[in-house]
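Working notes, structure below.
Numbering (the UniProt record's numbering), first residue to last: 1 to 363.
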């Protein structure tokens, strides 16, 4: 079945404005600090693209709130996990379609939550409509290929794998067939959390985000159907750098789902599928109160970190609070990726003004 998009996000004002600038140096709409003064003419002609295709899904961006609840039990258990690999046509931004590869039709793939000592009982299926074989490599799995060889499924096939998680942390999983970079940069990555035996400190809210690059034969923003560009991938020159698979998807400018109170503490799980670029993960208007670099939950966290590097194929676990109401942009601080290629998510904090912390002259 195909679906026609019924929601067209207001992206143009984010990407191009007459007098915009980065990092909060303009006034106006709450998202205008990612505008640029004009598009750059890099001398490249627009590709001759086919018209945009009918979409199979009106959304590939995972809901950042879709995080299983913290584990309350004190003993290991068997955790059933089902993954379905699906190839779908969807919009990167309005008017721009692309053929994604996904786990369960979302980017990043489902958040899997376990505890040290648990056994993951995985069933993986490749949807019969797929054109390619897929599999999954878990960085939390001790075993050949992280399970990749054992989970290879052709279209219409199903396989099962059981593995024990023996060390804590936040770990990426991804498709690992031949041309692994092609499959990851089409959307096939996600995160598995292995909680320490004592669990994680309590927070008010948890969110889940994932960064990836998309390499296409079109220019950024060029309307039509974008085919995958293997040459662009080989030279590490992406058309888009995306959070949750769509340009400017998460926030008031798109799916307004990361809403918090000014009195709340937030934990964010940030996975970088890559396949090539690392992220300089930063919150405009705040710092990370705690950072577990590379998701290393067995280590002591870094404190009050302005920007933390997240390597491709790795993750960071960060906590923060936002005591002043407003919009907080979560970005890759390689800022051309934000202004020109789409790497942005926004948390909106609601609550009373806090003049003791932040007092603008005008209301």
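Note that beta-carbon positions come from the ideal geometry of N, C-alpha and C, so glycine has one too.
Small disclaimer: the values here were computed from a predicted structure and weren't measured.
Can you tell which of the options has the C-alpha that lies nearest to the C-alpha of residue i?
i           : options            : result
residue 262 : 172, 176, 321      : 321
residue 330 : 236, 269, 293, 218 : 269
residue 134 : 156, 106, 142, 152 : 152
residue 174 : 250, 182, 136      : 136
residue 346 : 255, 315, 336, 335 : 255
residue 193 : 344, 71, 211       : 71
residue 161 : 178, 125, 341      : 125
residue 289 : 98, 163, 302       : 302
residue 121 : 106, 108, 138      : 138
residue 282 : 222, 328, 184      : 328
residue 59  : 51, 106, 67, 95    : 106
residue 235 : 221, 338, 216, 249 : 216
residue 140 : 119, 311, 131      : 119
residue 365 : 64, 316, 74, 195   : Nothing can be reported for residue 365, as the shown portion of the chain is limited to 1 through 363.
residue 51  : 337, 95, 73        : 95
residue 338 : 355, 87, 55, 280   : 280
residue 249 : 181, 344, 166, 83  : 344
residue 164 : 355, 142, 185, 313 : 142
residue 166 : 191, 264, 358, 196 : 196
residue 123 : 93, 85, 132        : 85
Is residue i helix, strand or coil when you go by DSSP?
i           : result
residue 71  : coil
residue 211 : strand
residue 23  : Unreliable placement is indicated for residue 23, whose pLDDT of 43 sits below 50; the coordinate value is still reported in the next sentence. Coil at residue 23, not helix or strand.
residue 151 : helix
residue 336 : helix
residue 32  : Residue confidence is low: residue 32 scores 47 on pLDDT, short of 50, so the model does not pin down where it sits. No coordinate-derived value is stated.
residue 248 : coil
residue 104 : coil
residue 137 : strand
residue 60  : coil
residue 355 : coil
residue 362 : coil
residue 37  : Since pLDDT at residue 37 reaches only 49, below the 50 mark, its modelled position is unreliable, and no value is offered.
residue 66  : coil
residue 232 : helix
residue 287 : coil
residue 302 : strand
residue 146 : helix
residue 180 : helix
residue 273 : strand
residue 295 : helix
residue 203 : coil
Looking at the strands, I want to know which residues DSSP matches up with residue i.
i           : result
residue 78  : 119
residue 193 : 113, 170
residue 159 : 124
residue 309 : 280
residue 93  : 96
residue 49  : Answer by DSSP bridge pairing: none, since residue 49 is not bridged.
residue 327 : 348
residue 87  : 101
residue 320 : 266
residue 164 : 119
residue 216 : 228
residue 315 : 271
If you draw a straight line from the alpha carbon of residue i to that of residue j, how long is it in whole angstroms?
i           : j           : result
residue 187 : residue 272 : 11 Å
residue 90  : residue 158 : 25 Å
residue 348 : residue 286 : 13 Å
residue 226 : residue 240 : 11 Å
residue 324 : residue 103 : 37 Å
residue 218 : residue 47  : 5 Å
residue 205 : residue 266 : 5 Å
residue 293 : residue 213 : 21 Å
residue 224 : residue 129 : 23 Å
residue 21  : residue 342 : A caution first: residue 21 carries a pLDDT of 38, below 50, which makes its placement in the model unreliable, though a value can still be read off. Roughly 15 Å between the two C-alpha positions.
residue 297 : residue 45  : 47 Å
residue 247 : residue 150 : 34 Å
residue 169 : residue 146 : 15 Å
residue 253 : residue 311 : 27 Å
residue 178 : residue 230 : 13 Å
residue 98  : residue 189 : 17 Å
residue 200 : residue 304 : 19 Å
residue 278 : residue 211 : 9 Å
residue 352 : residue 326 : 10 Å
residue 198 : residue 299 : 14 Å
residue 317 : residue 62  : 18 Å
residue 155 : residue 54  : 22 Å
residue 232 : residue 335 : 20 Å
residue 209 : residue 315 : 10 Å
residue 68  : residue 295 : 17 Å
residue 259 : residue 191 : 22 Å
Flag this pair as touching only if the stretch 62-80 and the stretch 110-117 have three or more C-beta atom pairs under 8 Å; answer yes or no. yes
Quick check: the stretch 272-281 against the stretch 353-363, are there 3 or more CB pairs under 8 Å? Counting Cβ pairs under 8 Å, fewer than three are found: no touch.
Can you confirm whether the stretch 305-321 touches the stretch 235-252 when touching is taken to mean that 3 or more C-beta pairs between the two stretches lie within less than 8 Å? no
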